[in-house]
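Reading through the structure tokens given below for one structure.
Listed below in structure tokens is the structure:
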């Protein structure tokens with residue numbers, strides 16, 4: 001069991017090592033289904049909807065894994081802005097008639113998918129359980145340093161905010177740049193009358 005910096009005023013429930021819960025497994029199945037639908041479907045609007053559902057499912061998984069900042073970014077950029085950009089793009093273009101909605105994948109694609117599933121089947125069981133005290137993130141000296149020194153060095157009461165703002169400031173700046181660039185892209189698409 002891991003307690004996250006209670007002396008710094010952080011009130012998070014302790015993480016416990018466990019296998020996938022039924023909720024996590026259900027959302028993971030939903031996400032994989034959305035990815036499969038997006039890969040097989042040939043209707044552009046259907047693919048956009050499947051990709052948006054995929055992003056929202058991933059955002060829910062991030063919330064369940066106690067990473068609300070990552071979930072918010074995923075929902076805003078992955079499901080919100082990207083979906084809006086795609087919808088604006090197809091609204092300003094004409095879909096050709098007689099387009100096939102579903103297309104069977106080629107044998108080469110099937111081999112690639114099977115190889116990917118085989119690699120996943122070999123690597124995922126070797127990973128530590130979520131919240132395991134043996135995982136590299138939990139047992140790392142860097143993690144201990146952050147938890148012990150975040151409050152004294154930054155004077156921020158929330159250790160997560162301290163790590164994101166002070167220790168990983170460039171990473172947070174990069175996320176802000178991505179969100180800003182996505183917003184600028186939406187504005188540019190909205191201003192254009194037609195595509196070249």
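In the UniProt record's numbering, the protein residues as written are 1 to 196.
Glycine residues also receive a C-beta, built at the ideal position from the N, C-alpha and C atoms.
The structure displayed is predicted, hence computed values, not measured ones.
Relative to the Cα of residue 70, the nearest Cα in the group 182, 127 and 176 belongs to 176. Counting only residues of its own chain and dropping the five nearest sequence neighbours on each side, residue 52 has a CB closer than 6 Å to the CB of 79 and 83. In this chain, the alpha helix (DSSP H) harbouring residue 171 covers 169-191.
In this structure, residue 86 places its C-beta atom within 8 Å of the C-beta atom of residue 48. The beta carbon of residue 154 sits closer than 6 Å to those of 162 and 166, all from its chain and outside the five residues before and after it, given in chain order. With a threshold of 16 other beta carbon atoms within 10 Å, residue 61 meets it and is buried.
Per DSSP, reduced to three states, the secondary structure at residue 156 is coil, with no helix or strand assignment. The beta carbons of residue 38 and residue 50 sit closer together than 8 Å.
Within the same chain, and ignoring the five residues on either side of residue 190 in sequence, the residues whose Cβ sits closer than 8 Å to its Cβ are 88. Residue 27 is classed as buried because its beta carbon has at least 16 other beta carbons within 10 Å across all chains shown. Taking 8 Å as the cut-off, the beta carbon of residue 31 is found no closer than this to the beta carbon of residue 179.
Rounded to the nearest whole angstrom, the C-alpha separation of residue 125 and residue 91 is 44 Å.
Spanning the alpha carbons of residue 36 and residue 66 requires a straight line of approximately 26 Å. Per DSSP, reduced to three states, the secondary structure at residue 67 is coil, with no helix or strand assignment. Per DSSP, residue 93 lies in no alpha helix (DSSP H) segment and is marked neither H nor E. The Cβ neighbour count for residue 160, taken over all protein chains shown within 10 Å, is at least 16; the residue is labelled buried.
DSSP places residue 139 inside the alpha helix (DSSP H), whose first and last residues are 136-139.
Per DSSP, the unbroken alpha helix (DSSP H) holding residue 121 starts and ends at 107-123.
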